[in-house]
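Report on the following structure.
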Amino acid sequence: MPKRRPPHLVRERTRHGKIIWYVRIDHGQRRRVHGTYGTQEFVDNYTLALKDAQNGSLKTIRRTRLTEGSFDWLLHQYLQSISWHNQSESTKKVKHRILNNVYKHIGDRTYTHIKV
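What the sequence shown shows, in our numbering, is residues 294 to 409, in sequence order.
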């Protein structure tokens, strides 16, 4: 029976046939692990990539109280509205991805101060 891989280590083959290794937690970003599999250099790079992936995937603690008039408050209101719930799942998925990206940049600013 073959040895098990370390957690979150993913093997991929490039279009040229070369084997490359990545660290990937859930559906997060991939972090390349350099070196030959099984060497100490590879283990060190794997450890660094795993720590980087874990730090990048930690969820930030959100405030429980939303500031009225801020973009995140407005977004929360929209996601609770009937017009949001009446949309198809595919539309919600696309819009949620776009709104999430906007939220990352301007989340707590008041929406009246946002210029397009």
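Glycine is no exception: its CB is placed at the ideal position from the N, C-alpha and C atoms.
Here the structure is a predicted model, which is why all the values come from computation and not from measurement.
Since residue i and residue j are thought to touch, with beta carbons under 8 Å apart, how far apart are those beta carbons, to the nearest angstrom?
i, j, result
"Tyr-315", "Arg-325", "6 Å"
"Ile-312", "Phe-364", "Incorrect: roughly 44 Å between the Cβ atoms, too far for contact."
"His-301", "Leu-341", "So it is not a contact: roughly 13 Å between Cβ atoms."
Any idea which residues DSSP pairs residue i with across the strands?
i, result
"Glu-361", "None, per the DSSP bridge assignment."
"Tyr-396", "Answer by DSSP bridge pairing: none, since Tyr-396 is not bridged."
Please work out which residues of its chain come closer than 8 Å, Cβ to Cβ, to residue i, disregarding the five sequence neighbours upstream and downstream, and give them in chain order.
i, result
"Leu-367", "Tyr-404"
"Lys-385", "Trp-377"
Counting only the same chain and skipping the five closest in sequence on each side, list residues whose C-beta sits under 6 Å from that of residue i.
i, result
"His-322", "Reading off the sequence, residue 322 comes out as Gln, not His. Closer than 6 Å at Cβ, skipping near neighbours: no residue."
"Gly-328", "Glu-334, Phe-335 and Asn-338"
For residue i, collect the residues of the same chain with a Cβ closer than 7 Å to its Cβ; drop the 5 residues on either side in sequence, then sort them by chain order.
i, result
"Arg-402", "Ser-363 and Phe-364"
"Arg-308", "none"
Of all the options the options, which has the alpha carbon lying nearest to the alpha carbon of residue i?
i, options, result
"Val-336", "Arg-390, Gln-370, Pro-299 and Glu-382", "Pro-299"
Are the C-beta atoms of residue i and some chain B residue less than 7 Å apart?
i, result
"Ile-313", "Protein chains in the displayed structure number just one, and chain B is not present."
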